[in-house]
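Asks:
Residue numbers (my numbering), protein chains in the order written: chain R, 60 to 69; chain D, 40 to 254.
The following block contains the structure:
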């Protein structure tokens, strides 16, 4: 399961 | 989500809405650099490629859509709207912004967190955002006087990135393993570019005189 994409900021 | 980041996003949203409001109501883009707006549209287009693939939150998706639609609308207004386009001063807005795109892309190829298309495009958008304001600042230097809305637009843009720096500091101390050097350095460079504009903006506001930027 792909680790959540590092970029959660806009 | 922390207060600095929320405040930063809201300030960023306000900057775009101030600009759209100005162009839409007075049907003029005097003092606005089309090149900076084109660079911002490119920044959002390359940063939000994951809009339909990675769902993070409703807020995240909504804001991405707003930024994409507003930045492309502003470019459309200045380029194609029959009245607005007449007020675009292309003789003054001469910054060779294409010279910014290539170095940012090459740098993103070399310095990035992961060598994948999405990550390289994301890193490219970070570097490009750091320098996207340059054509606008050059135009402000040239036209010397700037009207309130343009001054507020640039001020809000600078303020949003300053708030993001506080957000990064906050996240660094509260979230283990939250380290993004590329984002931090790029964001810092971007904010420093605004620093001299801020200085003159506050000077004019304090002395209650029209903003004059030194040649």
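C-beta atoms are modelled at their ideal positions from N, C-alpha and C, and glycine is treated no differently.
I'd like to know whether the C-beta atoms of residue 116 (chain D) and residue 59 (chain D) end up nearer to each other than 9 Å.
Replies: The residue labelled residue 116 (chain D) in the question sits at position 77 within the second chain. The residue labelled residue 59 (chain D) in the question sits at position 20 within the second chain. Closer than 9 Å, so yes.
Asks: Could you list which residues in chain R have their beta carbon closer than 7 Å to that of residue 161 (chain D), in chain order?
Replies: Start at 1 with the first residue of the second chain, and residue 161 (chain D) comes out as number 122. Those are 66, listed as they occur along chain R.
Asks: Tell me which residues share the same chain as residue 177 (chain D) and place their Cβ nearer than 6 Å to its Cβ, disregarding the 5 neighbours each side in the sequence.
Replies: Numbered from its first residue, the second chain carries residue 177 (chain D) at position 138. For residue 177 (chain D), where only same-chain residues beyond five positions count, the Cβ hits under 6 Å are 134.
Asks: Enumerated in chain order, which unbroken segments of the alpha helix (DSSP H) with a length of 4 residues or greater are wholly contained in the stretch 142-214 of chain D?
Replies: 156-170, 173-182 and 187-213
Asks: Using only the alpha-carbon positions, how far apart do residue 210 (chain D) and residue 85 (chain D) sit?
Replies: Locating residue 210 (chain D) in the second chain gives position 171, counting from the first residue. Locating residue 85 (chain D) in the second chain gives position 46, counting from the first residue. Each residue's alpha carbon lies about 24 Å from the other.
Asks: Write down the C-beta distance between residue 167 (chain D) and residue 81 (chain D) rounded to the nearest angstrom, noting that I regard them as a contact closer than 8 Å.
Replies: Translated into positions along the second chain, residue 167 (chain D) becomes position 128. Translated into positions along the second chain, residue 81 (chain D) becomes position 42. 6 Å between Cβ atoms; contact.
Asks: Tell me, to the nearest whole angstrom, how far the beta carbon of residue 226 (chain D) is from that of residue 208 (chain D); I am working on the premise that it is less than 8 Å.
Replies: On the second chain, residue 226 (chain D) is found 187 positions in, with the first residue counted as 1. On the second chain, residue 208 (chain D) is found 169 positions in, with the first residue counted as 1. Contact flag wrong, Cβ pair sits at about 11 Å.
Asks: What are the boundary residues of the alpha helix (DSSP H) that includes residue 99 (chain D)?
Replies: If you number the second chain from 1, residue 99 (chain D) lands on position 60. Looking at the DSSP string, the run of the alpha helix (DSSP H) that includes residue 99 (chain D) is 97-119.
Asks: Going straight from the alpha carbon of residue 189 (chain D) to that of residue 49 (chain D), what length do you get?
Replies: By one-based count along the second chain, residue 189 (chain D) stands at place 150. By one-based count along the second chain, residue 49 (chain D) stands at place 10. For residue 189 (chain D) and residue 49 (chain D), the distance between alpha carbons rounds to 18 Å.
Asks: Within 9 Å of any Cβ in chain R, is that where the Cβ of residue 200 (chain D) sits?
Replies: Residue numbering aside, residue 200 (chain D) sits at position 161 when the second chain is read from its first letter. No, residue 200 (chain D) lies away from the interface with chain R (no Cβ there is under 9 Å from its Cβ).
Asks: Quick check: the stretch 234-245 of chain D against the stretch 60-78 of chain D, are there 3 or more CB pairs under 8 Å?
Replies: no
Asks: Going by C-alpha distance, which of D:186, D:62 and D:183 is nearest residue 121 (chain D)?
Replies: As a first step, residue 121 (chain D) must be located in the second chain, where it is residue number 82. Ranking the options by Cα distance to residue 121 (chain D), first place goes to D:62.
Asks: Hey, could you find the ends of the alpha helix (DSSP H) residue 133 (chain D) is sitting in?
Replies: Residue numbering aside, residue 133 (chain D) sits at position 94 when the second chain is read from its first letter. No alpha helix (DSSP H) holds residue 133 (chain D); DSSP gives it neither H nor E.
Asks: Which of the three DSSP states, helix, strand or coil, is assigned to residue 251 (chain D)?
Replies: For the purposes of this step, residue 251 (chain D) is identified with residue 212 of the second chain, where counting begins at 1. Strand, per DSSP.
Asks: Would you decide whether residue 150 (chain D) is buried or exposed? Buried here means 16 or more other CB atoms lie within 10 Å of its CB.
Replies: Working through the second chain from its first residue, we reach residue 150 (chain D) at position 111. It counts as exposed.
Asks: Please identify the residue among D:69, D:55, D:106 and D:220 whose C-alpha is closest to the C-alpha of residue 162 (chain D).
Replies: Residue 162 (chain D) sits at position 123 when you count from the first residue of the second chain. Residue nearest to residue 162 (chain D) within the set D:69, D:55, D:106 and D:220 is D:220 (criterion: CA-CA distance).
Asks: Any beta-carbon of chain R closer than 9 Å to the one on residue 95 (chain D)?
Replies: Indexing the second chain from 1 puts residue 95 (chain D) at position 56. Yes, residue 95 (chain D) counts as interfacial toward chain R.
Asks: Could you give the distance in angstroms between the alpha-carbon of residue 169 (chain D) and the alpha-carbon of residue 136 (chain D)?
Replies: The count along the second chain starts at 1 and reaches residue 169 (chain D) at position 130. The count along the second chain starts at 1 and reaches residue 136 (chain D) at position 97. Whole-angstrom Cα-Cα distance: 13 Å.
Asks: Taking the alpha-carbon of residue 236 (chain D) as reference, which of D:193, D:74, D:164 and D:212 has the nearest alpha-carbon?
Replies: Locating residue 236 (chain D) in the second chain gives position 197, where the first residue counts as 1. Per the Cα distances, D:193.
Asks: Could you check where the alpha helix (DSSP H) with residue 216 (chain D) kicks off and where it finishes?
Replies: For the purposes of this step, residue 216 (chain D) is taken as the residue at position 177 of the second chain. Careful: residue 216 (chain D) lies outside any alpha helix (DSSP H) and carries neither H nor E.
Asks: Please identify, using Cβ separations under 8 Å, the residues of the stretch 98-119 of chain D that lie next to chain R, in order along the chain.
Replies: 99, 102, 103 and 106
Asks: Tell me whether residue 245 (chain D) sits in a helix, a strand or coil according to DSSP, three-state version.
Replies: For this step, residue 245 (chain D) is matched to residue 206 along the second chain. Reduced to three states, the DSSP call for residue 245 (chain D) is helix.
Asks: Taking the C-alpha atoms as reference points, what is the distance between residue 139 (chain D) and residue 159 (chain D)?
Replies: Position 100 of the second chain, counted from the first residue, corresponds to residue 139 (chain D). Position 120 of the second chain, counted from the first residue, corresponds to residue 159 (chain D). Approximately 16 Å, taken between the alpha carbons.
Asks: Are the beta-carbon atoms belonging to residue 16 (chain D) and residue 132 (chain D) less than 9 Å from one another?
Replies: Residue 16 (chain D) is absent from the model: chain D starts at 40 and stops at 254.
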